[in-house]
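Residue numbers (our numbering), protein chains in the order written: chain A, 138 to 510; chain B, 138 to 510; chain C, 138 to 510; chain D, 138 to 510. Every residue gets a Cβ at the ideal spot worked out from N, C-alpha and C, and that includes glycine.
Protein chains: 4
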Amino acid sequence: MASQKNDKRNSRLDQKGSGRRNFLKGTAAAAATGGVIMHELSHATPAAALEGAAPERAGFDPNRRRVATDLLGKSWWPSKWGAEDQAGASNHMGPVKTMEAVSRITTGTVYPIGRTYEAGMPLFGSRVFGMRIPGAPTGGVFGRNKIIWNDEFLATEIGQVGTQFDGLGHIGVEAGSAGDQNERRFYNGVPLSDMAGPYGLQKLGMEFVKPLFTPGVLIDVKGAQGGMLEGGTEITVADLEAALENQGLSGDAITPGDAVVIRTGWADLWMEDNARYNSGEPGIGVEAAEWLAEKDVCLVGADCWGIEVVPNPDADLAFPAHQILLTKHGIFLHENLLLDALADAGVWQFAYIFAPLPIKGATGSPGAPIAVA
Amino acid sequence: MASQKNDKRNSRLDQKGSGRRNFLKGTAAAAATGGVIMHELSHATPAAALEGAAPERAGFDPNRRRVATDLLGKSWWPSKWGAEDQAGASNHMGPVKTMEAVSRITTGTVYPIGRTYEAGMPLFGSRVFGMRIPGAPTGGVFGRNKIIWNDEFLATEIGQVGTQFDGLGHIGVEAGSAGDQNERRFYNGVPLSDMAGPYGLQKLGMEFVKPLFTPGVLIDVKGAQGGMLEGGTEITVADLEAALENQGLSGDAITPGDAVVIRTGWADLWMEDNARYNSGEPGIGVEAAEWLAEKDVCLVGADCWGIEVVPNPDADLAFPAHQILLTKHGIFLHENLLLDALADAGVWQFAYIFAPLPIKGATGSPGAPIAVA
Amino acid sequence: MASQKNDKRNSRLDQKGSGRRNFLKGTAAAAATGGVIMHELSHATPAAALEGAAPERAGFDPNRRRVATDLLGKSWWPSKWGAEDQAGASNHMGPVKTMEAVSRITTGTVYPIGRTYEAGMPLFGSRVFGMRIPGAPTGGVFGRNKIIWNDEFLATEIGQVGTQFDGLGHIGVEAGSAGDQNERRFYNGVPLSDMAGPYGLQKLGMEFVKPLFTPGVLIDVKGAQGGMLEGGTEITVADLEAALENQGLSGDAITPGDAVVIRTGWADLWMEDNARYNSGEPGIGVEAAEWLAEKDVCLVGADCWGIEVVPNPDADLAFPAHQILLTKHGIFLHENLLLDALADAGVWQFAYIFAPLPIKGATGSPGAPIAVA
Amino acid sequence: MASQKNDKRNSRLDQKGSGRRNFLKGTAAAAATGGVIMHELSHATPAAALEGAAPERAGFDPNRRRVATDLLGKSWWPSKWGAEDQAGASNHMGPVKTMEAVSRITTGTVYPIGRTYEAGMPLFGSRVFGMRIPGAPTGGVFGRNKIIWNDEFLATEIGQVGTQFDGLGHIGVEAGSAGDQNERRFYNGVPLSDMAGPYGLQKLGMEFVKPLFTPGVLIDVKGAQGGMLEGGTEITVADLEAALENQGLSGDAITPGDAVVIRTGWADLWMEDNARYNSGEPGIGVEAAEWLAEKDVCLVGADCWGIEVVPNPDADLAFPAHQILLTKHGIFLHENLLLDALADAGVWQFAYIFAPLPIKGATGSPGAPIAVA
């Protein structure tokens, strides 16, 4: 009966417009989906979660854990920024990067590259976006000047809806033996038990991130490939280099501390076909994530919801690029960007300016990033 | 008995740490305070609301309405930006202002001038700030890479707590006869009935505001006067000019489209004495607001919660500078800034960069403004 | 362009699983639907809102307003409970009704007739249901006894989701000329301007409603008609009487102050087909509402979301039974009940026990009503 | 510097009206307080948390853990209701108890014994209560009948504010070695890892609790002792028996499955002196909790915020009665009741009726319990 109940719940989720489950069936990556389902699976034994994975995959042998650990390597902390660091790749920021970025500003054109936040936007998993205007008006009438005013009230995963900047407290790894809750680690090896708090993270919150004012590079993979990439398409290093070449650039255009944003075309589905938008995405995989990490960038952004390929071609991996970039290297992610105007104008290099909301203990930030050329 | 009840409620508010009522007793400006009280007074007849006002004040004569109207003048709409405009003074933005601002950047130093958002910050009226981390972790464990993640959930007046940018839908005026709900107007004369919506403003929402990238000028009144101004101290045009002179500048340093931020010192009380912080503030009055409006700036900010003197020296006025700047001229306000680092460094002119959150139908925006020099 | 925008928004709503719009096309009742759409239409002129109504209907002639007024009659206030009353039909409650109800309890069987509140339940319009568990655990570890605890955080229209009890501040009427915001009235003629408040209604809030402990009567129309009624099916007085007769009862079984609950079968769609559940419903119409009002009951409940037929057979009427019962007579509504166990057991008469949450200034109440036999 | 920060934060909490910290200084029970502080302490080592405890107390020796375990005993699960049970002491409910309760109803008088929920009520720790009315009105104008409506939106720890019913998922114990997150247990031994979920508890949620309709007994300790008990006063078994005797009853009046509610008088401080209300409370201790557990009641309620003495006379214990009653025995707690009307009327025995909100995965329930005599 419990399983009937779950079936019912799942079908409800499907009604909500998410076909996201389909690509996950029978694979370990089934776990890599949103909300209620995610949670249900989180309590499954690993074997159960992976049930049905194709035998030719590394599968269920005792080496799996080793492989998992190998994704991040043996000693991914302390970070290059020091054992106490909580600012990650925003430590690149400083006068030098600022002035490099300023040198990219030649015409004074400001391109907003963030989305409008609104009730109909696609949301990941079980997140909600509730906005209310209390009263109409909220305050007044007061004084001889008869003032009135309106406020707005929001109830939402503010840093993890719409255009979102993932902070260092967002993504971690269960680093110990299966099910051991005592060995959960985030950036710089911070244990979850040191960070967790019901009213905000105690460490790695957004208040530690420095404002980003740095050179930005757009890699227009959509443009290079002639149209929107399909969901589940991995963008390789070769794809990135080809796109750069198509723009008259090379990988050398990316220097340490830069912000790199990738156009996949997936943005075309935003509020046009939310179900498909959420059902997967094109994006970078492990290879490109490591290449970008080697480039020592401060941020990787994209015009899709998770910057990386979903489902991952290795069906046993769930969001591995998140772990490589955020958890291991402290490199921030910027999701649900809108890069069309930049691409249409052929603006490949610019100043990338984004100052995250310093919400104490938050895992991410909303905001309105701008590219200035 | 009803009045007993009210007394009890008021005493509760006082317990919450707000002495804000004290300065309001027996004056029209009693209305100019937060939350529940505000609402209760909003239904009082004007006479009742003003009960006890000192007779030597302009007071209660039939001309009062005329005076109220006179604050904004007879024809404050259509706006100079056109009858359909919803972007207000952000229309100043464009390549010219951007490049002017860029020319202010010489060292590449980025000054964050916004506050951290956190549970203990002073809140106006009945606003709340609730932040929760769902689960710990929120998601996972998934995949062979054993990913986990955290989200944050906020329930709050997001655009009207902490460092806040007031949008055009925030402040209006009851322009008709007393109690007439059909004549409530906002910027560009937009009737409240056209704007109001339970799930977001239908007009004048934050999504219409252009990102600000413009020259900024700091006017350090605290510095000029040798310390924090007291609550209820009106900053006059002479004060502003004296402070500019003290900085080696004059009013000519302010050009159309610039952002002007004023340091009063009131910020010293933030989270040190929230009750006093909320109990009033120093700031500009009607005179300086009109001077700044003539300067045609795009934004007026300050290191206090409402940028203007509270209580107003004319006890019958409630937040008149808000109406002059926002409602009449479409000039944005930026409240609860932190300007100490700028002043300490003697940075009086800089690039002011702030891209408001484009939350559809919101009245204001949180964010992390930066001054770059 | 504005209309394109609307089209896009509407299609989004449809994606959310609501086919509710379909039955509304081209009729005045098009207005009678949820959330964003509702609001958009609320600003349409009456003519526009009614565009396309069939000419054979009363239509657009000047008499329409008269008809509207006629629904509630000329002088529907003061209420029978006095001009200052805020408790409506809960004034029936008292020792007499309690003891009548007690006399219905013979076996001691308690039937819960409310729904479980959960994320997948159908929601009306733009309402949301967000629940989060802060941390895991929320508190602890403390003391030698090493206590830990969990809380839950909800963000939702708490009184208007799931099983919901509509209070007197929920439903009103624009009683003046078209668009006149100064003549909006609720139960007992209370003007909206006296009630409205951003942080809770100032009058007619749930705190005034007395706990209901009264005889209850189930009218099993589904049982009498052999299955679930279709959406848009009006339940007439004849239908109610036939169902009562089928149960061996008559209309005389209903005495003043009783609670009447009606089984339509629409409950079968709950979380099985939310889109259809929200797309309309069977229920009483104007005739049966007036009959129940004459019976002087304290409450009308049903196993559907709005207790009344939607769309109304008179396509120009939007939720008229709500106005007749709540606004005019102060009779409460109880929606989204689950009456199957009662019907299966043939329990037609029982003690109806429900004590609404006394949330100050709320429009409705969640809760777990019970029928005891 | 970290400690300075904490000092500042603490002083902020004090500003909010909580002197709660004072009684906790230098004791293990320092942990037994709200919100941010609670969390900070939760990461302290036990030694640090207990620092300063008086040497004459059992203190810091290795036997402490044994004592902790001893509070709940060695084998407190499976529960008497079965290893899979999630309903706890509500399993007592059934026709027998219902009819026993009905026999207590003689006059038909209904006493509401819950509080009104409102913004000024005292809140524990960092919980918030935010209520907003979206728009005014929220919906309409629609139809020829020109309907309008209001909703309310709440953002709050709904089951843990105001009158609150603690469910089985609320209170647990860290049962393993210090800091071991893998051995956290709740009622029936359910591991936290099986229950935890970001969007609701996966086990022991409120949806499993049966409606309570059972004989109730009021123990008026305030009445017996001639006035409000002081905070920190432990109510002993002798006190309970004396109060019962004073009422002409004895402990035999309590039979298995009954609801017992205790009047301490602490309710007098509600919204009169919230700071003092939150600063501690009189209530039962370990002895009386065990006595009530032996009586096999279904519920223990009181007119204070936590039903038990705070601080506990054994300063190393934090809310031990919660663990004894809820965690070990599955006996529910009902907090912040208002028992004055019952006591004034000398109604010592009655039907206790409360059907908790079946919010799926919630830890507690708001509601309006009634006592019927």
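Contact list for B/L338 against chain A, beta-carbon separation under 7 Å:
Around B/L338, the beta-carbon contacts reaching into chain A at under 7 Å are I270 and N287.
B/P328 (DSSP reduced to helix, strand or coil)
Strand, per DSSP.
Show which residues of chain A have a CB atom less than 7 Å away from the CB atom of D/A273.
The answer, in chain order, is G272 and A273.
Which residues in chain C have a C-beta closer than 7 Å to the C-beta of B/Q94? List them in chain order.
The structure shown does not extend to residue 94 of chain B, since chain B spans only 138 to 510, so no value can be given for it.
Listed from N- to C-terminal order along the chain, which residues in the stretch 309-341 of chain B have their beta-carbon within a distance smaller than 7 Å of any beta-carbon of chain A?
Cβ contacts with chain A come from G309, V310, E311, R321, L329, A333, G334, P335, Y336, G337 and L338.
Establish whether the CB of D/A292 and some CB of chain B are separated by less than 9 Å.
It does; some Cβ of chain B falls within 9 Å.
Per DSSP, C/R269 forms a beta bridge with which residues?
Per DSSP, C/F290.
Amino acids of chain B, ordered along the chain, whose beta-carbon sits closer than 9 Å to that of A/D481:
Neighbours of A/D481 across chain B, judged by C-beta separation under 9 Å, do not exist; the nearest C-beta is about 17 Å away.
Take B/E427 and list the residues in its own chain whose beta-carbon comes closer than 8 Å to its own, dropping the five residues that flank it on each side.
Result list for B/E427: I461, in chain order.
Cβ-based neighbour list, A/G422, same chain, cut-off 6 Å, excluding 5 preceding and 5 following
Contacts found: E371 and V446.
May I have the straight-line CA-CA distance separating A/R400 from C/M343, to the nearest angstrom?
The straight-line gap from Cα to Cα measures roughly 52 Å.
Identify the residues that DSSP records as bridge partners of C/E371: which are they?
Answer is C/G420.
Is it true that the CB of B/P274 sits closer than 9 Å to the CB of A/A333?
It is a contact, given that the beta carbons lie within the stated cut-off.
For A/G353, name the three-state secondary structure that DSSP assigns.
Here A/G353 sits in strand by DSSP.
So if DSSP puts D/I285 in a beta bridge, which residue, or which two residues, is it bridged to?
D/I285 pairs with C/G309 and D/G277.
C/F469 versus C/G498, C/K347, C/F266 and C/L208, residue with shortest Cα-Cα distance
If we check each option's Cα against that of C/F469, C/K347 comes out closest.
Residues of chain D with CB closer than 8 Å to the CB of C/I242, please, in chain order.
At a C-beta separation below 8 Å, C/I242 has these neighbours in chain D: T235, M236 and V239.
If we cut at 9 Å on Cβ distances, does A/L386 have a partner in chain B?
With respect to chain B, the C-beta atom of A/L386 has no partner C-beta closer than 9 Å.
Interface residues of the stretch 436-451 of chain A facing chain B [CB-CB below 9 Å]
Of all residues in the stretch 436-451 of chain A, the ones placed with a Cβ closer than 9 Å to any Cβ belonging to chain B are N449 and D451, in chain order.
Cutting at 6 Å between CB atoms, please list the residues of its own chain near A/T246, excluding the five before and the five after it.
Answer for A/T246: A510, listed in chain order.
Enclosing beta strand (DSSP E) for C/V247 [first to last residue]:
Unbroken beta strand (DSSP E) run through C/V247: V247 to P249.
Using the C-alpha atoms, what's the distance from B/I356 back to B/W485?
Rounded to whole angstroms, B/W485 and B/I356 show a C-alpha spacing of 7 Å.
Spatial distance of C/T464 from B/I270 (CA atoms):
Taken atom to atom, the span from the alpha-carbon of C/T464 to that of B/I270 is near 41 Å.
D/K283 to A/L429 span [Cα, whole Å]:
So the alpha carbons of these two residues sit roughly 60 Å apart.
C/F261 and C/G353 - do their beta-carbons sit closer together than 9 Å?
Not closer than 9 Å, so no.
Assuming C/D477 is part of the alpha helix (DSSP H), what are its boundary residues?
It spans D477 to D481 - the alpha helix (DSSP H) in which C/D477 sits, taken as one unbroken run.
Apart from the five residues on each side of it in sequence, which residues of its chain come closer than 7 Å, Cβ to Cβ, to A/S285?
It should be noted that the sequence gives Ile, not Ser, for residue 285 of chain A. Result list for A/I285: P274, G276, G277 and V278, in chain order.
A/G337 vs A/K217 beta-carbon contact at 9 Å:
Not a contact, by the Cβ cut-off of 9 Å.
Let me make sure I understand the geometry here. Which of A/D440, A/T351, A/P232 and A/A220 has the alpha-carbon closest to that of A/L406?
The residue among A/D440, A/T351, A/P232 and A/A220 with its C-alpha nearest the C-alpha of A/L406 is A/D440.
Would you say C/S263 reaches chain A, if we count a Cβ-Cβ gap shorter than 9 Å as a contact?
In terms of beta-carbon proximity, C/S263 lines the interface with chain A, with at least one pair separated by less than 9 Å.
Quick one: which chain A residues come within Cβ less than 9 Å of C/A379?
Those do not exist, as C/A379 stays about 34 Å from chain A at its closest Cβ, beyond 9 Å.
Output the distance between the C-alpha atoms of C/K153 and A/G251, rounded to the nearest integer angstrom.
Below a pLDDT of 50, predicted positions are generally treated as unreliable, and C/K153, at 34, falls in that range; the measurement from the model is reported next regardless. Rounded to whole angstroms, the gap between the alpha carbons of C/K153 and A/G251 is 24 Å.
B/G360 lies in the alpha helix (DSSP H); which residues open and close that run?
Unbroken alpha helix (DSSP H) run through B/G360: V358 to Q362.
Around the Cβ of A/E221, are there at least 16 other Cβ atoms within 10 angstroms (buried) or fewer (exposed)?
Within a 10 Å sphere around the beta-carbon of A/E221 sit fewer than 16 other beta-carbons, which makes this residue exposed.
Using a Cβ cut-off of 7 Å, pull out every chain B residue sitting near D/G498, in sequence order please.
Per Cβ cutoff of 7 Å: no residues; D/G498 is ~11 Å from chain B at best.
By the three-class DSSP mapping on this structure, what secondary structure does D/G225 have?
Secondary structure at D/G225: helix, using DSSP grouped into helix, strand and coil.
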